[in-house]
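Residue 6 in our numbering sits at position 4 of the sequence shown, with consecutive numbering throughout.
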Amino acid sequence: MSEFIIGARGHDFGRQTPEALFSAIGQAGFRCTQLAFPKAIEGVKSYADVTPSLVEAARAASKASNVGIAVDGTYVELSYADEEKRKAEVAKVLSQIPVAKALGAGCMGSETTNMAKQPGISQKEAQEALLRSLGEILPACEEQGVLFAVECVYYHAMNTPEAVKMVLDTMASPNLRVICDFANYVGPENASVDAQRRLWDKVGSWYGDKIVAVHFKGQNFQPDGTLYSTSLEDSCVDYAGGFEMLRQMPQASLPVLREEAVPARAASDIAFMKQFVY
Numbered sequence: 003m004s005e006f007i008i009g010a011r012g013h014d015f016g017r018q019t020p021e022a023l024f025s026a027i028g029q030a031g032f033r034c035t036q037l038a039f040p041k042a043i044e045g046v047k048s049y050a051d052v053t054p055s056l057v058e059a060a061r062a063a064s065k066a067s068n069v070g071i072a073v074d075g076t077y078v079e080l081s082y083a084d085e086e087k088r089k090a091e092v093a094k095v096l097s098q099i100p101v102a103k104a105l106g107a108g109c110m111g112s113e114t115t116n117m118a119k120q121p122g123i124s125q126k127e128a129q130e131a132l133l134r135s136l137g138e139i140l141p142a143c144e145e146q147g148v149l150f151a152v153e154c155v156y157y158h159a160m161n162t163p164e165a166v167k168m169v170l171d172t173m174a175s176p177n178l179r180v181i182c183d184f185a186n187y188v189g190p191e192n193a194s195v196d197a198q199r200r201l202w203d204k205v206g207s208w209y210g211d212k213i214v215a216v217h218f219k220g221q222n223f224q225p226d227g228t229l230y231s232t233s234l235e236d237s238c239v240d241y242a243g244g245f246e247m248l249r250q251m252p253q254a255s256l257p258v259l260r261e262e263a264v265p266a267r268a269a270s271d272i273a274f275m276k277q278f279v280y
């Protein structure tokens with residue numbers, strides 16, 4: 003690993019025009035972003051509103067501000083067991099593959115689906131739905147030369163390093179990648195540093211070379227195990243161990259994106275991140 007590039011999630015800066023958004027991100031000291039049009043660009047209510055002229059404006063704003071588009075964020079529910087709902091979510095992704103290509107984004111990216119959104123659906127059923135979705139998305143990505151990355155989240159369909167490995171092995175696509183958010187692997191039962199190091203060992207040895215972007219946020223747990231968001235300084239996440247693992251990976255560079263960013267705290271957040279991202 004030769005370089006980590008510190009960035010921030012676009013919609014943490016509010017809804018703006020592409021020009022204003024990229025300018026604000028760059029002026030805050032970030033060098034790349036995760037852009038989700040419906041969340042970050044004013045006037046965009048759905049993916050149908052993402053016009054070619056808007057895509058070109060975002061591409062030009064990225065170039066002018068020297069803020070790269072590391073991830074074209076597609077916030078979709080890929081693990082719906084209901085076939086009609088699942089296919090509607092897949093259609094959103096398919097519509098955005100040409101957008102990601104035009105932007106020159108490092109990848110497209112999505113989480114899977116919060117299990118709480120599907121009461122009565124088992125983890126296995128949700129993961130099978132995820133595989134069906136990826137089976138429809140990845141051929142189009144391969145054809146158009148776009149990478150698609152999925153993110154492991156503790157309470158989602160794809161929720162453990164074992165689940166990520168299963169998805170990667172099953173799909174066996176050269177265009178499937180992983181977004182790594184260390185916080186999202188950690189539950190109350192594995193929040194100790196030793197337990198987290200065991201997680202990072204699995205991530206690194208099983209699919210570390212497939213990681214295409216990193217998310218960076220703070221979290222901790224109440225005594226009863228309830229998850230809550232924190233500043234980076236108050237987080238229980240073992241960033242040191244996680245980045246030690248990433249530095250062993252072969253990627254020439256990786257974007258590291260601050261999530262839940264507060265623009266006014268950008269300087270202190272960047273200073274904190276630089277303890278690990280060097």
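Using N, Cα and C, we set each Cβ at its ideal position, and we do this for glycine too.
Whole-angstrom C-beta distance between residue j and residue i, which should lie under 8 Å
i: K212; j: L248; result: Incorrect: roughly 12 Å between the Cβ atoms, too far for contact.
i: E21; j: A63; result: 5 Å
i: A185; j: Q224; result: No, A185 and Q224 are not in contact; Cβ-Cβ is about 15 Å, not under 8 Å.
i: F32; j: A268; result: 7 Å
Residue i vs residue j beta-carbon contact at 7 Å
i: Y156; j: G189; result: yes
i: P91; j: V78; result: It should be pointed out that residue 91 corresponds to Glu in this sequence rather than to Pro. Yes.
i: A102; j: V148; result: yes
i: G111; j: G75; result: yes
i: S55; j: G28; result: no
i: A104; j: V57; result: yes
i: E153; j: N177; result: no
For residue i, the three-state DSSP class (helix, strand or coil)
i: Y241; result: helix
i: A159; result: coil
i: M110; result: strand
i: Q253; result: coil
i: Y230; result: strand
i: G28; result: helix
i: A72; result: strand
i: T115; result: coil
i: E153; result: strand
i: N2; result: Absent from the model: residue 2. The displayed extent of the chain is 3 to 280, so no value can be given.
i: F278; result: coil
i: G210; result: helix
i: R11; result: strand
i: D203; result: helix
i: E164; result: helix
i: I284; result: Residue numbering for the chain in the displayed model covers 3 to 280; residue 284 lies beyond these limits and cannot be assessed.
i: T172; result: helix
Neighbour-count burial assignment, residue i, 16 or more Cβ in a 10 Å radius
i: Q120; result: buried
i: G227; result: exposed
i: A16; result: Note that residue 16 is Gly in the sequence shown, not Ala. Exposed, because fewer than 16 other Cβ atoms sit within 10 Å of the Cβ of G16.
i: D240; result: buried
i: V195; result: exposed
i: V264; result: exposed
Neighbourhood of residue i by C-beta, 6 Å cutoff - its chain only, sequence neighbours within 5 removed
i: V258; result: F6, I8, V216, F218 and V279
i: A159; result: S81, T114, T115, A128, Q129 and L132
i: E138; result: V92
i: F39; result: V46 and V52
i: G210; result: M251
Distance cut-off 6 Å: residue i Cβ against heavy atoms of the ligand HEM
i: H13; result: The ligand HEM is not part of the structure shown, which contains no ligands of any sort.
7 Å Cβ shell around residue i - same chain, five flanking residues per side excluded
i: W208; result: P163 and K167
i: V205; result: P163, C182 and M247
i: G244; result: F184 and W202
Residues of its chain near residue i, where Cβ-Cβ distance is below 8 Å and the 5 sequence neighbours each way are ignored
i: L256; result: M3, E5, F6, I7, I213, V214, A215, V216 and L248
i: V180; result: A151, V152, E153, C154, V166, L170, Y209, K212, I213 and V214
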